[in-house]
Amino acid sequence: MIAGIVLLVGGYLSVSSYYSAENVADRFLTSLHEKDWKSVQGLSVREDGSDITKTEAKAAVRLIEEDEELRMELKSRPTERYVFNELFIPVKHDRRFFIFPQYKIMGKNQFLQVVDQPKGATVLVGEIKGIMREQEDESFSVGPLFPGIYDITSTYEKETVKLFGTVKEVLKDTVREPFVVSIDLGGEYAAFSLVNHSGVKADLVFNGEKYAIDDYGYSEEIGPLALDGKSVAQIEFLYPWGSQISEEIIITDTYMEISPPEPAEELKKSIIDQTALYAEEYLNHYVSGGKTAVTTVTNEWMDEMDYYADHDFEGTIELKELGFDFSEAKPINRNDQYGYSIPLLFSMSAESIDFEFGGSACDLHLLFNEVDQSWKVNECYFYATDAYTYKDVMTPAVTTFTSKSTGSSKIASGDSFTFEQVEGFMENYSRKSVEAINEVDYSLVASLIAEDSELKGIQTEYIDYLDSKNITETFKGAVLESFEQNGNTITATTLESFIIHREDGNEDMTFRTVTELVLENGELKAWKLIETKEL
């Protein structure tokens with residue numbers, strides 16, 4: 001009995017001594033010096049009593065191995081404190097299956113704050129993952145950690161971009177302030193600017209995300225990325241007629257200038273067709289002395305066409321080809337109306353000594369009319385040049401244009417009118433009516449109104465009324481919906497769009513008008529306004 005008690009007491013004392021503060025401290029220090037990280041892990045806890053990880057145990061061994069000053073301090077520790085420096089302190093660490101006091105080594109909590117990392121990066125301390133802090137600095141927090149020397153890694157992977165960085169950090173502070181660490185991933189940030197930026201709105205597309213391009217043509221910085229030829233971006237051009245995405249741009253520098261691409265093939269065809277119609281209308285207008293209707297131009301260019309057509313031309317102009325250099329096409333913006341400037345070549349010849357355009361090429365300025373989704377010519381001044389290569393060449397449907405002295409342009413009584421003829425007249429009539437309103441001058445539209453028509457009095461009174469109210473208008477477009485012909489009388493239904501300028505502001509307005517037209521001396525004239533309704 002006594003022998004059993006002696007054995008029990010002896011065993012208790014032996015185990016108790018094994019887990020005593022001094023014994024645990026000795027074994028902890030021995031394990032550190034012998035680089036036995038597994039024993040260190042088994043003997044150690046954090047301040048909250050939780051076990052440390054393999055990474056933390058290895059970091060503690062590395063700390064003693066590389067920090068000679070600390071290593072010497074721990075070797076010369078005083079017996080009454082067991083451990084120096086307040087980094088490693090023996091503390092009671094009770095277990096439910098033991099009745100005697102037992103100790104472990106508590107390491108002073110260490111904290112890391114990893115800053116300046118890109119959104120989407122992964123920060124690791126060994127197998128310990130950093131937690132993203134959604135604060136102003138958007139940093140990563142790691143901790144609490146056991147004192148030691150740690151390798152901290154940051155990895156960023158997105159699409160074609162793969163970046164990696166690592167730093168070594170010594171964590172042995174006795175206060176609770178975090179160690180602030182920045183890891184250089186070796187990435188770059190790139191920005192782009194658009195050539196001819198005023199003529200286009202656009203977004204930058206990189207790794208599936210869109211970045212704004214401002215009104216000055218500069219993009220936000222994108223990144224991080226590597227200038228290794230693998231990172232690519234695209235520009236999405238946002239035109240009123242539709243968006244167009246560029247080809248992939250290999251990012252080779254931190255700043256790159258980008259030119260807009262050529263118009264898409266479908267748009268090229270539309271522009272070529274519209275330009276051919278313009279060329280036909282322009283030359284008809286020229287040889288007729290400004291007597292024919294034009295539907296393909298803006299108000300501003302119509303004034304120029306009337307000016308150049310004010311002559312006594314006699315002869316014939318032959319239009320052989322139209323050539324386009326779309327590689328030099330540039331987006332333009334005129335008073336918030338977007339379009340293109342395209343080098344255009346007229347291949348022409350004329351049987352007239354009076355024929356003189358000053359050249360056969362022009363910078364064709366086409367503006368997109370959002371009202372009727374059409375293209376309008378805003379400028380085409382002829383000059384002589386051989387600076388361009390006109391790869392897209394077409395032969396117009398109409399190639400011969402003769403002055404009225406050698407071939408009449410009047411419509412014979414009883415002829416059937418075409419849709420284009422009626423639409424051209426209504427577009428010209430609407431435009432000239434607006435010019436008469438703004439200039440307070442009925443004579444500007446008088447030639448388009450039939451003799452003895454009640455419209456003369458109506459339009460004169462309307463012009464005076466708007467002038468008294470200080471109201472002006474901007475003509476935006478006229479689109480013929482339909483027409484009916486009964487002999488020499490036509491009833492035309494037209495959508496007309498204007499900007500009404502009043503002293504208290506501007507207003508966009510669209511009307512559906514029904515107008516009766518008559519044939520007078522071989523030319524269409526407005527006779528009666530049947531109905532007008534605001535839409």
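Using full-length UniProt numbering, the first residue of the sequence shown is number 1, and each one after it goes up by one. Ideal placement from N, C-alpha and C gives every residue a C-beta, glycine not left out.
**Study point:** Cutoff 6 Å; reference Asp372; Cβ partners in own chain excluding five residues on either side
**Key:** For this step, residue 372 is matched to residue 372 along the sequence shown. Counting only Cβ-Cβ distances below 6 Å, and skipping sequence neighbours, we find Gly477 and Val479.
Check your understanding: Buried or exposed: Thr494, going by 16 or more other Cβ atoms within 10 Å of its Cβ?
Key -> Taking the first residue of the sequence shown as 1, we reach residue 494 at position 494. Thr494 is classed as buried because its beta carbon has at least 16 other beta carbons within 10 Å across all chains shown.
**Study point:** Beta-carbon contacts of Thr166 that lie in its chain and below 8 Å, excluding the five residues immediately before and after
**Key:** Within the sequence shown, residue 166 is the residue found at index 166, counting from 1. Cβ-Cβ distances below 8 Å link Thr166 to Asp151, Ile152, Thr153, Ser154 and Ile183 in the same chain, with the five nearest sequence neighbours on each side left out; the list follows chain order.
Check your understanding: Taking buried to mean at least 16 other C-beta atoms within 10 Å of its own C-beta, is Asp51 buried or exposed?
Key -> Mapped onto the sequence shown, residue 51 falls at position 51. Burial call: exposed.
**Study point:** Lys230 to Glu220 span [Cα, whole Å]
**Key:** Position 230 of the sequence shown, counted from the first residue, corresponds to residue 230. Position 220 of the sequence shown, counted from the first residue, corresponds to residue 220. CA-to-CA, the gap between Lys230 and Glu220 works out to about 20 Å.
Check your understanding: Would you call Arg62 buried or exposed, if buried means 16 or more other Cβ atoms sit within 10 Å of its Cβ?
Key -> Counted from its first residue, the sequence shown places residue 62 at position 62. Arg62 comes out buried.
**Study point:** Thr395 in three-state terms, based on DSSP
**Key:** Residue 395 sits at position 395 when you count from the first residue of the sequence shown. Under the three-state reduction of DSSP output, Thr395 falls in the coil class, being neither helix nor strand.
**Study point:** CA nearest to the CA of Ala309, picked from Ala276, Ile499, Glu321 and Gly289
**Key:** Within the sequence shown, the letter at position 309 stands for residue 309. Nearest option by C-alpha distance: Gly289.
Review point. How close, in whole Å, do the beta carbons of His365 and Gly339 come, if the pair is a contact with beta carbons under 8 Å?
Key: As a first step, residue 365 is located in the sequence shown; it is residue number 365 there, counting from the start. As a first step, residue 339 is located in the sequence shown; it is residue number 339 there, counting from the start. Their Cβ separation, rounded to whole angstroms, is 7 Å, which keeps His365 and Gly339 in contact under 8 Å.
**Study point:** Distance, Ile105 Cα to Ala25 Cα
**Key:** What you label residue 25 is simply residue 25 of the sequence shown in a count that begins at 1. What you label residue 105 is simply residue 105 of the sequence shown in a count that begins at 1. Their backbone Cα atoms lie some 7 Å apart in a straight line.
Practice item. Give a yes or no on contact between the segment 417–427 and the segment 329–348, applying the rule of three or more CB pairs nearer than 8 Å. Key: Contact fails between the segment 417–427 and the segment 329–348, because fewer than three Cβ pairs, one in each stretch, are under 8 Å apart.
Exercise for review: Can you have a look at Ser408 and say buried or exposed, based on whether 16 or more other CB atoms are within 10 angstroms of its CB?
Suggested key: What you label residue 408 is simply residue 408 of the sequence shown in a count that begins at 1. For Ser408, the predicted model reports a pLDDT of 42, less than 50, meaning its position is unreliable; a value from the coordinates is still stated below. By the 10 Å Cβ count, Ser408 comes out exposed.
Check your understanding: Going by DSSP, what residues sit across from Ser374 in a beta bridge?
Key -> The count along the sequence shown starts at 1 and reaches residue 374 at position 374. The bridge partners DSSP lists for Ser374 are Asn369.
Exercise for review: Look up Thr389 in the DSSP assignment and say whether it is helix, strand or coil.
Suggested key: Residue numbering aside, residue 389 sits at position 389 when the sequence shown is read from its first letter. Here Thr389 sits in coil by DSSP.
Practice item. Classify Ser44 as buried or exposed, calling it buried when 16 or more other Cβ atoms lie within 10 Å of its own Cβ. Key: Your numbering for residue 44 matches position 44 in the sequence shown. The residue in question, Ser44, is buried, as its Cβ has 16 or more Cβ neighbours within 10 Å.
Exercise for review: Run the CB neighbour count on His311, radius 10 Å, all protein chains shown included, and call it buried at 16 or more, exposed below.
Suggested key: Counting from one through the sequence shown, the residue named residue 311 turns up at place 311. His311 counts as exposed, since fewer than 16 other C-beta atoms from the protein chains shown sit within 10 angstroms of its C-beta.
Practice item. For Glu370, collect the residues of the same chain with a Cβ closer than 6 Å to its Cβ; drop the 5 residues on either side in sequence, then sort them by chain order. Key: Working through the sequence shown from its first residue, we reach residue 370 at position 370. The residues Pro240, in chain order, have a CB closer than 6 Å to that of Glu370 in the same chain once the five nearest residues on each side in sequence are set aside.
Review point. Is the number of C-beta pairs between the segment 438–450 and the segment 481–493 that are closer than 8 Å three or more?
Key: Because the criterion of three Cβ pairs below 8 Å is not met, the segment 438–450 and the segment 481–493 do not touch.
Review point. Among residues of its own chain, excluding the 5 on either side of Lys162, which ones have a beta-carbon nearer than 6 Å to its beta-carbon?
Key: Mapped onto the sequence shown, residue 162 falls at position 162. Excluding residues within five positions, none has a Cβ falling inside 6 Å.
Practice item. Rounded to whole angstroms, what's the CA-CA distance from Asn109 to Glu47? Just pull it up for me. Key: For the purposes of this step, residue 109 is taken as residue 109 along the sequence shown, with counting starting at 1. For the purposes of this step, residue 47 is taken as residue 47 along the sequence shown, with counting starting at 1. Cα-Cα distance, rounded: 6 Å.
Point to revise | Of the residues Tyr189, Gly186 and Glu66, the one placed nearest Lys168, counting alpha carbons only | key: Along the sequence shown, one-based indexing puts residue 168 at 168. Of Tyr189, Gly186 and Glu66, the smallest CA-CA separation from Lys168 is found for Glu66.
Practice item. Just the C-alpha distance for Val123 and Val142, rounded to the nearest angstrom, thanks. Key: Working through the sequence shown from its first residue, we reach residue 123 at position 123. Working through the sequence shown from its first residue, we reach residue 142 at position 142. Val123 and Val142: Cα-Cα distance of roughly 9 Å.
Check your understanding: Quick one: what does DSSP say Asn284 is sitting in, helix, strand or coil?
Key -> For this step, residue 284 is matched to residue 284 along the sequence shown. For Asn284, the three-state secondary structure derived from DSSP is helix.
Exercise for review: Have a look at Glu56 and Leu87 and give me their C-alpha separation to the nearest angstrom.
Suggested key: Taking the sequence shown and counting its residues from 1, the one referred to as residue 56 is at position 56. Taking the sequence shown and counting its residues from 1, the one referred to as residue 87 is at position 87. When only Cα atoms are considered, Glu56 and Leu87 end up about 14 Å apart.
Check your understanding: According to DSSP, which residues form a beta bridge with Asp203?
Key -> Walking along the sequence shown from the start, residue 203 turns up at place 203. Ala212 and Glu236, per the DSSP bridge assignment.
Review point. Between Arg81 and the rest of its own chain, which residues show a CB-CB distance below 6 Å, the 5 nearest in sequence each way excluded?
Key: Locating residue 81 in the sequence shown gives position 81, counting from the first residue. Legend: pLDDT at Arg81 = 49, less than 50; position of this residue unreliable, value from coordinates given subsequently. Within the same chain, and ignoring the five residues on either side of Arg81 in sequence, no residue has its Cβ closer than 6 Å to its Cβ.
**Study point:** Proximity of Phe346 and Ala397 at Cβ, strictly below 8 Å
**Key:** Within the sequence shown, numbered from 1, the residue matching residue 346 stands at position 346. Within the sequence shown, numbered from 1, the residue matching residue 397 stands at position 397. In this structure, Ala397 does not lie closer than 8 Å to Phe346 by Cβ.
Check your understanding: Within this structure, are the beta carbons of Thr292 and Asn284 separated by less than 8 Å?
Key -> For the purposes of this step, residue 292 is identified with residue 292 of the sequence shown, where counting begins at 1. For the purposes of this step, residue 284 is identified with residue 284 of the sequence shown, where counting begins at 1. With contacts defined by Cβ atoms closer than 8 Å, Thr292 and Asn284 form a contacting pair.
Review point. Do you know how far the Cα of Val181 is from the Cα of Tyr218?
Key: On the sequence shown, residue 218 is found 218 positions in, with the first residue counted as 1. On the sequence shown, residue 181 is found 181 positions in, with the first residue counted as 1. Counting only the Cα atoms, Val181 lies some 32 Å from Tyr218.
Review point. For the segment 452–517, which segments carrying the alpha helix (DSSP H) assignment without a break, of at least 4 residues, lie completely within its bounds, in sequence order?
Key: Entirely contained in the segment 452–517, the alpha helix (DSSP H) runs reaching 4 residues are, in chain order, 455–468.
Exercise for review: Please report how far the alpha carbon of Ile353 lies from the alpha carbon of Cys380, in whole angstroms.
Suggested key: Locating residue 353 in the sequence shown gives position 353, counting from the first residue. Locating residue 380 in the sequence shown gives position 380, counting from the first residue. Caution applies to Ile353, whose pLDDT of 44 falls short of 50 and renders its modelled position unreliable; the model cannot decide the point.
Check your understanding: Is it true that the CB of Ser246 sits closer than 8 Å to the CB of Pro261?
Key -> Against the sequence shown, residue 261 aligns to sequence position 261. Against the sequence shown, residue 246 aligns to sequence position 246. Taking 8 Å as the cut-off, the Cβ atoms of Pro261 and Ser246 count as close.
Practice item. Using a threshold of 8 Å, state whether the C-beta atoms of Val434 and Val377 are closer than that. Key: Within the sequence shown, residue 434 is the residue found at index 434, counting from 1. Within the sequence shown, residue 377 is the residue found at index 377, counting from 1. Pairing Val434 with Val377 gives a Cβ-Cβ distance that is not under 8 Å.
Exercise for review: Could you name the residues that DSSP lists as bridge partners for Lys158?
Suggested key: By 1-based counting over the sequence shown, the position of residue 158 is 158. The partner list for Lys158 (beta bridge, DSSP) reads Val161.
Exercise for review: Consult DSSP for Arg27 and reduce its assignment to one of helix, strand or coil.
Suggested key: On the sequence shown, residue 27 is found 27 positions in, with the first residue counted as 1. Correct three-state label for Arg27: helix.
**Study point:** Contacting residues, own chain, Cβ-Cβ under 6 Å from Leu524 (five flanking each side not counted)
**Key:** In the sequence shown, counting from the first residue as 1, residue 524 sits at position 524. The answer, listed in chain order, is Phe425 and Leu517.
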